[in-house]
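K.L.:
Residue numbers (the numbering used here): 74 to 373.
#1: Can you tell me which of 189, 185, 212 and 215 puts its alpha carbon nearest to the alpha carbon of residue 201?
#2: What are the boundary residues of the alpha helix (DSSP H) that includes residue 271?
#3: I'd like to know whether the C-beta atoms of residue 76 and residue 363 end up nearer to each other than 8 Å.
#4: Quick one, which of 78, 74 and 88 has its alpha-carbon nearest residue 333's?
#5: Taking only the alpha-carbon atoms, compute the straight-line gap between residue 206 and residue 289 and give it to the nearest angstrom.
#6: Please return the same chain residues whose Cβ sits closer than 6 Å to the Cβ of residue 297, not counting the five positions on each side in sequence.
#7: Between residue 158 and the rest of its own chain, which residues show a CB-CB distance below 7 Å, the 5 nearest in sequence each way excluded?
#8: I believe residue 226 touches residue 108 by the beta-carbon criterion, under 8 Å. Please report the beta-carbon distance rounded to the nearest angstrom.
#9: Please work out which residues of its chain come closer than 8 Å, Cβ to Cβ, to residue 239, disregarding the five sequence neighbours upstream and downstream, and give them in chain order.
#10: I'd like to confirm the pairing. Which residues does DSSP put opposite residue 328 in its beta bridges?
#11: State buried or exposed for residue 80, treating a residue as buried only when at least 16 other CB atoms are found within 10 Å of its CB.
#12: Here's a check: name, in chain order, each residue in its chain whose Cβ is nearer than 7 Å to the Cβ of residue 323, leaving out the five neighbours to either side.
#13: Just the C-alpha distance for residue 331 and residue 365, rounded to the nearest angstrom, thanks.
#14: For residue 237 and residue 251, what's the separation of their Cα atoms in angstroms?
#15: Does the stretch 171-180 come within contact of the stretch 106-121, defined as at least 3 CB pairs closer than 8 Å?
#16: Taking C-beta to C-beta, are residue 276 and residue 261 nearer than 8 Å?
#17: Any idea if residue 223 is buried or exposed, counting beta-carbon neighbours within 10 angstroms, 16 or more meaning buried?
#18: Do residue 285 and residue 294 have their beta-carbon atoms positioned less than 8 Å apart in this structure?
#19: Can you determine whether any heavy atom of the ligand FAD sits closer than 7 Å to the C-beta of residue 152, and answer yes or no?
#20: Which residues share a DSSP beta bridge with residue 295?
#21: Is it a yes or a no for the stretch 127-135 touching the stretch 143-155, going by three-plus beta-carbon pairs under 8 Å?
#22: Between residue 95 and chain D, is there a C-beta pair that is closer than 8 Å?
#23: Tell me, please, which residues DSSP counts as bridged to residue 20.
#24: So, with DSSP's three-state summary, where would you put residue 90?
#25: What is the residue span of the alpha helix (DSSP H) that residue 108 lies within?
#26: Mind checking residue 355: buried by the 16 CB within 10 Å criterion, or exposed?
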């Protein structure tokens, strides 16, 4: 089994010391694919505090309008100290770079609302055509990091048909949640009949356990692979069950994380999210024949 870590939301507002401290003890075991926001719109720290204090149901139309009024754009390469650290870690092979949205803000006239998610951040759950801006922002990341940034992770893990269209037209590989097999239209448009039938069978027999589909599948000129999310409320036993399932299938496993939450305590536990992550990595090492890789290496 190949095992990768996807870490979302790295942007201009991160300090290099915070990121270095967060990845210490993790990236020396498994390289971390950092999903970077190229041009973050607004005050990230303020927005995160707002989301955590209000919850998804507390984000009213007035709150959304207040967030949208902040049009300041923060390019990641304007944080020179962070760029120096990331370049060092790239050269050492401890991290790789993926793309996480463009601005990480949904700029539709009517922002979608979800019971357990933040529509204002769901940039690619959209009715807009983001193809050109995705292309230019991806070229920007390729230039500032001097590498091919081929993987995309959707903000808030949400994709609409328009969002998928933009990714397909830019030949990007995607790490996200596969559309439900009951959504025949999306599968017929983006995935082959053979892959649709395989995923349908997988979802049919794993609908209770929610295990990820264990292989990358062809998506245009790129690939689409599922992931399992580590959050404070996540059941570690459920993650281990998913890991065991993918290992048994000889597949590829992607664990998604957020370094900014590494100090949060896990639900009903004294352990932080970072400590839980390291425990999971040690569990994988002890119980499975594993190769720790970047997300790019999964496609090689």
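Think of the CB as a built atom: it goes at the ideal place given N, C-alpha and C, for glycine as much as any other residue.
P.N.:
According to the structure data:
#1: The count along the chain shown starts at 1 and reaches residue 201 at position 128. Per the Cα distances, 185.
#2: The sequence position of residue 271 within the chain shown is 198, counting from 1. First-last of the alpha helix (DSSP H) with residue 271: 266-278.
#3: For this step, residue 76 is matched to residue 3 along the chain shown. For this step, residue 363 is matched to residue 290 along the chain shown. In this structure, residue 363 lies closer than 8 Å to residue 76 by Cβ.
#4: Reading the chain shown from its first residue, position 260 is the one you call residue 333. Nearest C-alpha to residue 333: 88.
#5: Working through the chain shown from its first residue, we reach residue 206 at position 133. Working through the chain shown from its first residue, we reach residue 289 at position 216. For residue 206 and residue 289, the distance between alpha carbons rounds to 26 Å.
#6: Along the chain shown, read from residue 1 onward, the residue named residue 297 stands at position 224. Taken in chain order, the residues that qualify are 247 and 290.
#7: By one-based count along the chain shown, residue 158 stands at place 85. The residues are 89, 92 and 93.
#8: Position 153 of the chain shown, counted from the start, is the residue given in the question as residue 226. Position 35 of the chain shown, counted from the start, is the residue given in the question as residue 108. With 8 Å as the limit, residue 226 and residue 108 qualify as a contact, their Cβ atoms being about 4 Å apart.
#9: Within the chain shown, residue 239 is the residue found at index 166, counting from 1. Excluding positions up to five away in sequence, the list reads 197, 202, 203, 204 and 207.
#10: Working through the chain shown from its first residue, we reach residue 328 at position 255. DSSP output for residue 328 lists 78 and 301 as bridge partner(s).
#11: As a working mapping, residue 80 is identified with position 7 in the chain shown. Residue 80 is buried by the Cβ-count criterion.
#12: Sequence index remark: in the chain shown, residue 323 carries index 250 (1-based). The answer, listed in chain order, is 74.
#13: On the chain shown, position 258 is the one that residue 331 refers to. On the chain shown, position 292 is the one that residue 365 refers to. If I take the Cα positions, the gap works out to 18 Å.
#14: Here residue 237 is taken as the residue at index 164 of the chain shown, counted from 1. Here residue 251 is taken as the residue at index 178 of the chain shown, counted from 1. When rounded, the distance between both Cα atoms is 11 Å.
#15: yes
#16: To locate residue 276, count along the chain shown from 1; it is residue 203. To locate residue 261, count along the chain shown from 1; it is residue 188. It is not a contact, given that the beta carbons lie outside the stated cut-off.
#17: Counting from one through the chain shown, the residue named residue 223 turns up at place 150. Flag for residue 223 reads buried.
#18: For the purposes of this step, residue 294 is identified with residue 221 of the chain shown, where counting begins at 1. For the purposes of this step, residue 285 is identified with residue 212 of the chain shown, where counting begins at 1. Not closer than 8 Å, so no.
#19: In the structure shown, the ligand FAD is absent, as is every other ligand, since no ligand is present at all.
#20: Residue numbering aside, residue 295 sits at position 222 when the chain shown is read from its first letter. Answer is 292.
#21: no
#22: Structure shown: chain D not included; a single protein chain is present.
#23: Residue 20 lies beyond the range of the chain shown here (74 to 373); nothing can be said about it.
#24: Residue 90 sits at position 17 when you count from the first residue of the chain shown. In this structure, residue 90 counts as helix in the three-state DSSP scheme.
#25: As a first step, residue 108 is located in the chain shown; it is residue number 35 there, counting from the start. Run containing residue 108: none in the alpha helix (DSSP H); it sits in the beta strand (DSSP E), 105-109.
#26: Reading the chain shown from its first residue, position 282 is the one you call residue 355. By the 10 Å Cβ count, residue 355 comes out exposed.
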